[in-house]
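S.K.: Mind looking over this structure? Questions follow.
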Amino acid sequence: MINSKLLSPSSIAVIGGSNQISKPGGKLLKNLIENHFAGSLYVVNPKETEVQGLTCYPDVKDLPEIDLAILAIPARFCPQTAKNLAKEKGTRAFIVISAGFSESGLEGKRLEQELVDVVNSVGGTLIGPNCIGIITAEHASVFTSPVPKLWNQGCDFISGSGATAVFIMESGIPKGLRFSSVWSVGNSAQTSVEDVLAYLDETFDPTTSPRVKLLYMETIANPDKLLHHCSSLIKKGCRIAGIKAGSSSAGTRAAQSHTGAMVSSDAAVEALFRKAGIVRCYGREELVTVGNVFLCKELKDRKMAIITHAGGPGVMLTDALEDGGLYIPEIKESQAKKDLRDKLFAGSSVENPIDFLATGTAEQLGAIIDACEKDFDVDGMAVIYGSSGLYPVREVFQLINKKMQVCNKPIYPILPSLLEVKEDVAYFLSEGNVNFPDEVLLGKALTKVMNTPAPSEEKIFLNGVDIPTIRRIVDNADPGFQPPGVIHELFKAAGIPAVKEIVVYSETEALEAARQIGFPLVMKVVGPIHKTDVGGVVLNVRNEVSVTKEFQHLMKIHEAKAVLVGQMAFGTELFVGAKYEPRFGHVILCGLGGIYVEVMKDVTSGLAPLTMDEAMSMIQNLKSYKILEGYRGKRGVNIRYFAEIIVRLSSLLRFATEIKEMDINPLLGDGSRIFAVDARIRIEKP
């Protein structure tokens, strides 16, 4: 539990403080002093009597009562030191920057648990160990540089890695990224990224709390907690972006299941971020750029104006925006367009991008921005202005600064001349603005923000889903891959449509099944996992002679146990799969079916349980979406019905966590009809 003693301590003791600022304890103390910690500051170091102008105590037993203790001593001394402080000095907040804990092996893990037990025993807060510290409005308890000047409406930045936190700050500060707080949680022995988010959510004040959160994580210990609090913060008006590093491959499961091959822990993270509404980033520069997009006014829709005095960057930004689904609409002929053209030099272009040439003036740029704000059908503006070497740029930067404050539509400044006019860029940033020196990074970040869906609703679709029957079927099922009969029962209970199928063990039964279902038929071997690979699927069986012949053929296949006789369905092949990921739950995939899922791997993921909006978003984000809509006279698929089947599947899985893998490949969709044709379900039980 994060407490006030951590955030607003009246006293801080640095255990292991030093006169040597090349050591963590020394540099951390220096940062506290230089950033004007207003409370009482103490130092403990048995080898010193005075440290950086402060009286130094030889032992923690000599200290008065302490709110916050920062430990920069060897790991083996930390548990006992924390115990002395907690029991004798009333200390209730600890930052342990020391390394040598769980990251170093079993002995370190034991020391870390001992440290956690001490802090928990007094209801205290522990940050770390193995971290750089934290920066709040009250104190800069970090041993690194830079220490950013905090701004109340900057971003709360939470990182699982201290070094990465430093690199992100170094990247962001020169671009105007501002911080409200910085949290480095290190090993997260007690307090994790999720815990910090929970605190920010539970204490959120709509009038004063920062609205931007940036995350760097190497592990997600509690996906449900992350999902709940990120969704809650975003619904309160916050915007969140994050990096999750350290994805793993699931290729070794390829022989078991199409879904098993494609669902990795990374796919689970992707699904979790989409469900929570978190903009997922993959690198430091991308995270910083998205953070700066968040600090600008919000882009309400997808039509962008590009204003430039340099053609090339305008073209590259156009490509980046349109590749991501934003629009650069042509400026339609109107009196406003004619009036603007008359104000610009000959040779300027008033199309879109709007190019007012290298000789363009601040006054002309102001006229363009005003026209985009008041007259042109656009939702936001990107202004590219670098030094041409012909004129001073300060007047232009002053104008952009003013327009960013007064315009209702967002303006994204792209000021690439970081060396030629670095003092002018510094002025622009000092006014509280951000800068996007690379137009393509801005274009990709902006489209990523616009393409991230809002958090999903926390509800489960239950209409026509028979939960008691699903539980009965799963409870009675044997572990392993399930026979067709069990699969059909589960689908019926969940309201998932399936073709008529009968499993037969003799030629006589095969002929009887054919008469019940009607021709044409499909016949499949029962037993081998990958039927197609062993020639175990026969299509378009049209008479009884062929039924007898194909039954004999299929039963000769290695591991054949029976033959499935089924209704022959036609249409576009679709795919839905699911895999259970520990801690995350079921990750659900959808896409085109048949061989396309293996060759194209055009799939999107979601985290069960899904809403209709989530399922529709998954389908619409497929590269093959146009095929599903129908093309060149070929009838498409009922997309909303496809989405409902995905949602019903997710509800089934929510109440059957014993199902570890499932493939429906293919479903066949033809107009309003969709049928599950071939399915595979694997159940594991404790």
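Here the sequence shown stands for residues 98 to 783, where the numbers follow the working numbering. From the three backbone atoms N, C-alpha and C, an ideal C-beta is built for every residue, glycine too.
By the 10 Å Cβ neighbour count, where 16 or more other Cβ atoms means buried, how is S242 classified, buried or exposed?
M.R.: Within the sequence shown, residue 242 is the residue found at index 145, counting from 1. By the neighbour-count rule (16 or more Cβ atoms within 10 Å), S242 is not buried but exposed.
S.K.: Mind pulling the beta strand (DSSP E) runs of 3 or more residues that sit fully within the segment 448-527?
M.R.: 477-481, 508-511
S.K.: Within 10 angstroms of the Cβ of A523, are there 16 or more other Cβ atoms? Answer buried if so, exposed if not.
M.R.: Residue mapping note: residue 523 aligns to position 426 of the sequence shown, counting from 1. By the 10 Å Cβ count, A523 comes out exposed.
S.K.: If you count every other CB in all the chains shown that lies within 10 Å of the CB of P121, and 16 or more means buried, which is it?
M.R.: Numbered from its first residue, the sequence shown carries residue 121 at position 24. That one is buried.
S.K.: Would I317 and R680 be called neighbours here (beta carbons separated by less than 9 Å)?
M.R.: Working through the sequence shown from its first residue, we reach residue 317 at position 220. Working through the sequence shown from its first residue, we reach residue 680 at position 583. Against a cut-off of 9 Å, the Cβ pair of R680 and I317 comes out as a contact.
S.K.: E781: buried (16+ other C-beta within 10 angstroms of its C-beta) or exposed?
M.R.: One-based indexing of the sequence shown puts residue 781 at position 684. The residue in question, E781, is exposed, as its Cβ has fewer than 16 Cβ neighbours within 10 Å.
S.K.: Once the 5 residues before and after V631 are set aside, which same chain residues still bring their CB inside 8 Å of it?
M.R.: Taking the sequence shown and counting its residues from 1, the one referred to as residue 631 is at position 534. Hits under 8 Å: V622, P625, I654, H655.
S.K.: What is the residue span of the beta strand (DSSP E) that V277 lies within?
M.R.: Counting from one through the sequence shown, the residue named residue 277 turns up at place 180. Sequence check: residue 277 is Ser here, not Val. It spans 276-281 - the beta strand (DSSP E) in which S277 sits, taken as one unbroken run.
S.K.: On a CA-only basis, which of G663, G269, Y424 is nearest E382? Give me that one, please.
M.R.: Position 285 of the sequence shown, counted from the first residue, corresponds to residue 382. Selected option, being the one with the closest Cα: G269.
S.K.: Just mark L746 as buried or exposed, buried being the case when its beta carbon has 16 or more other beta carbons within 10 Å.
M.R.: Walking along the sequence shown from the start, residue 746 turns up at place 649. It counts as buried.
S.K.: Threshold first: 3 residues or longer. Then list the beta strand (DSSP E) segments lying entirely within the segment 199-275, N to C.
M.R.: 222-224, 230-232, 237-239, 247-256
S.K.: Closest by CA to T188, which one among P171, V157, L414, E647?
M.R.: Taking the first residue of the sequence shown as 1, we reach residue 188 at position 91. With distances taken between Cα atoms, T188 lies closest to V157.
S.K.: Per DSSP, what kind of secondary structure is E291 in: helix, strand or coil?
M.R.: To locate residue 291, count along the sequence shown from 1; it is residue 194. If DSSP states are grouped into helix, strand and coil, E291 belongs with the helices.
S.K.: Mind checking I692: buried by the 16 CB within 10 Å criterion, or exposed?
M.R.: Here the question's residue 692 lines up with position 595 in the sequence shown. Label assigned to I692: exposed.
S.K.: Under a three-way DSSP split, which group does R377 fall into?
M.R.: Position 280 of the sequence shown, counted from the first residue, corresponds to residue 377. Here R377 sits in strand by DSSP.
S.K.: Do you know how far the Cα of G457 is from the Cα of M413?
M.R.: The residue you call residue 413 lines up with position 316 of the sequence shown. The residue you call residue 457 lines up with position 360 of the sequence shown. Straight through space, the alpha carbons of G457 and M413 are spaced by roughly 20 Å.
S.K.: Taking 8 Å as the line, does the beta carbon of L330 fall inside it for any heavy atom of the ligand FAD?
M.R.: This structure lacks the ligand FAD, and indeed carries no ligand of any kind.
S.K.: Pick helix, strand or coil for M759, following the three-state DSSP scheme.
M.R.: Mapped onto the sequence shown, residue 759 falls at position 662. Three-state result, M759: strand.
S.K.: Based on the DSSP secondary-structure assignment, which residues constitute the bridge partners of E670?
M.R.: Position 573 of the sequence shown, counting from 1, holds the residue named residue 670. The partner list for E670 (beta bridge, DSSP) reads L765.
S.K.: Ignore the nearest five residues each way along the sequence and tell me which others in A234's own chain have a CB closer than 7 Å to its CB.
M.R.: On the sequence shown, residue 234 is found 137 positions in, with the first residue counted as 1. Taken in chain order, the residues that qualify are L247.
S.K.: Leaving out five residues on either side along the sequence, give the residues of the same chain with a beta carbon under 8 Å from the beta carbon of T300.
M.R.: Counting from one through the sequence shown, the residue named residue 300 turns up at place 203. Contacts found: S306.
S.K.: Out of curiosity, what's the CA-to-CA distance linking A351 and A773?
M.R.: Translated into the one-based positions of the sequence shown, residue 351 becomes position 254. Translated into the one-based positions of the sequence shown, residue 773 becomes position 676. Interpretation of A351 is limited by its pLDDT of 32, a score under 50 that renders its predicted location unreliable; the figure taken from the coordinates is listed afterwards. Using only the alpha carbons, I get a separation of about 22 Å.
S.K.: In terms of alpha-carbon separation, which member of E554, Q495, S431, K400 lies closest to M478?
M.R.: Your numbering for residue 478 matches position 381 in the sequence shown. Comparing Cα positions, the closest option is K400.
S.K.: Within its chain, find whatever has a CB closer than 8 Å to the CB of H355; leave out the 5 residues flanking it on each side and keep chain order.
M.R.: Locating residue 355 in the sequence shown gives position 258, where the first residue counts as 1. Residue confidence is low: H355 scores 40 on pLDDT, short of 50, so the model does not pin down where it sits. Its coordinate-derived value is still stated next. Answer for H355: F672, G674, V694, E695, D760, N762, listed in chain order.
S.K.: Let me know the beta strand (DSSP E) ranges lying completely inside the segment 113-177, each 3 residues or longer, listed in chain order.
M.R.: 137-141, 151-154, 165-168
S.K.: Relative to the C-alpha of E609, which residue among V644, P783, E755, L323 is closest?
M.R.: By 1-based counting over the sequence shown, the position of residue 609 is 512. Checked all of V644, P783, E755, L323; the closest Cα to E609 is V644.
S.K.: For K102, which three-state DSSP category applies?
M.R.: The residue labelled residue 102 in the question sits at position 5 within the sequence shown. Three-state result, K102: helix.
S.K.: Take the Cβ of E536 as the centre, count every other Cβ of all protein chains shown within 10 Å, and call the residue buried at 16 or more, exposed below.
M.R.: For this step, residue 536 is matched to residue 439 along the sequence shown. Classification of E536: buried, given that the 10 Å Cβ count is 16 or more.
S.K.: Can S199 and E209 be called in contact, C-beta distance under 9 Å?
M.R.: For the purposes of this step, residue 199 is taken as the residue at position 102 of the sequence shown. For the purposes of this step, residue 209 is taken as the residue at position 112 of the sequence shown. Yes; because the gap between Cβ atoms is below 9 Å, this pair is in contact.
S.K.: Which of the three DSSP states is assigned to G540 in this structure?
M.R.: Position 443 of the sequence shown holds residue 540. Residue state, collapsed to three classes: helix.
S.K.: Residues in the same chain with beta-carbon distance under 7 Å from N116, minus the five sequence neighbours each way, listed in chain order, please.
M.R.: Reading the sequence shown from its first residue, position 19 is the one you call residue 116. Closer than 7 Å at the Cβ level, and outside the excluded window around N116, lie G123, E145, V148, Q149.
S.K.: Using the three-state DSSP reduction, which class does M401 fall into: helix, strand or coil?
M.R.: Taking the sequence shown and counting its residues from 1, one reaches residue 401 at position 304. Strand at M401.
S.K.: So, helix, strand or coil for G357, using DSSP?
M.R.: If you number the sequence shown from 1, residue 357 lands on position 260. Caution is warranted here: a pLDDT of 43 is assigned to G357, below 50, making its placement in the model unreliable, and no coordinate value can be reported.
S.K.: Taking just the CA atoms, how far does K597 sit from R729?
M.R.: Walking along the sequence shown from the start, residue 729 turns up at place 632. Walking along the sequence shown from the start, residue 597 turns up at place 500. Between R729 and K597, the C-alpha separation is close to 31 Å.
S.K.: Please classify G703 as buried or exposed, where buried requires at least 16 neighbouring CB atoms within 10 angstroms.
M.R.: Looking up residue 703 in the sequence shown gives position 606. G703 comes out buried.
S.K.: Mind checking which residues open and close the beta strand (DSSP E) that includes K341?
M.R.: Taking the first residue of the sequence shown as position 1, residue 341 is located at position 244. Looking at the DSSP string, the run of the beta strand (DSSP E) that includes K341 is 336-341.
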